[in-house]
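First residue of the sequence shown: 29, per the working numbering; consecutive thereafter.
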Amino acid sequence: MRCVYCGYEDSKVIDSRSADEGRTIRRRRECFSCGKRFTTYETIEDTPVLVIKNNGARQAFDPQKIKNGIIKSCEKRPVSMTVIDDIVNAVTKQVYNSMEQEVSSKQIGELVMEELKKYDEVAYVRYASVYRSFKDISSFLEELQSMMDSKK
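Next up, the structure:
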């Protein structure tokens, strides 16, 4: 870290403390050249992720929307809130780890279905029926058939 007084590029950290409710680290440094002390702050860089909806509109990624959709599909099913939170966390992690600034709602839906399928097939079918907007019973049956085929 460059000294603010003399411009020397090397300093040592004297003290580190958490600030801003744990979102920032405050560091006291001492310059090796002039010996003066100065303060630096280290923060997490937030890169917003935008979701591209089917109609082309863009909106900020919101894990709460994923959670609400999963809760609806798991209604009256033996899926705990812990499992739902695990699914939301897994999907959120995958979205942020992709390092993409824009993700389609289609990709997010596929990630959710992939995770739901691991825990409850009925909840998966419910979510898929809304997400893939099954037009009729035949498209619904095709999805069920592909699930049955993948189990064999």
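Even for Gly, the Cβ is constructed at its ideal location relative to N, Cα and C.
Small disclaimer: the values here were computed from a predicted structure and weren't measured.
message: Just to check my reading of the structure: Leu-78 and Phe-66 have Cβ atoms closer than 8 Å, yes? What is that Cβ distance to the nearest angstrom?
response: Taking the first residue of the sequence shown as 1, we reach residue 78 at position 50. Taking the first residue of the sequence shown as 1, we reach residue 66 at position 38. Rounded, the Cβ-Cβ distance is 37 Å, inconsistent with contact.
Terminal residues of the alpha helix (DSSP H) in which Asp-114 lies: For the purposes of this step, residue 114 is identified with residue 86 of the sequence shown, where counting begins at 1. Here the alpha helix (DSSP H) through Asp-114 covers 109 to 125.
field: Nearest to Asp-113 (by Cα), restricted to the options Glu-128, Lys-121, Lys-95, Met-127
entry: Taking the sequence shown and counting its residues from 1, the one referred to as residue 113 is at position 85. Of the candidates Glu-128, Lys-121, Lys-95, Met-127, the one whose C-alpha sits nearest the C-alpha of Asp-113 is Lys-95.
task: Indicate whether the contact test is met: 3 or more Cβ pairs, each with one atom in the stretch 92 to 111 and one in the stretch 54 to 74, closer than 8 Å.
output: no
Given 8 Å, three or more beta-carbon pairs between the stretch 124 to 132 and the stretch 142 to 153: no
message: Taking the beta carbon of Ile-72 as the centre, do at least 16 other beta carbons fall within 10 Å, making it buried, or is it exposed?
response: Reading the sequence shown from its first residue, position 44 is the one you call residue 72. By the 16-neighbour rule on beta-carbons within 10 angstroms, Ile-72 is exposed.
- prompt: In this structure, does DSSP put Val-79 in helix, strand or coil?
  reply: Indexing the sequence shown from 1 puts residue 79 at position 51. Val-79: strand per DSSP, three-state reduction.
field: Residue burial classification, Ser-174 (beta-carbon count within 10 angstroms, cutoff 16)
entry: Against the sequence shown, residue 174 aligns to sequence position 146. With fewer than 16 Cβ atoms within 10 Å of its Cβ, Ser-174 is classed as exposed.
field: DSSP bridge partner residues for Arg-56 (one or two, in chain order)
entry: Here the question's residue 56 lines up with position 28 in the sequence shown. In the DSSP output, where bridge partners are listed per residue, Arg-56 has Asp-43, Thr-67.
Same chain, Cβ closer than 7 Å to Ala-151, five either side skipped, listed in chain order: In the sequence shown, the residue the question calls residue 151 occupies position 123. Correct list, in chain order: Ser-101, Cys-102, Arg-105, Val-107, Leu-144.
Bridge partners - Gln-87, DSSP secondary structure assignment: Taking the first residue of the sequence shown as 1, we reach residue 87 at position 59. Beta-bridge pairing links Gln-87 to Val-79.
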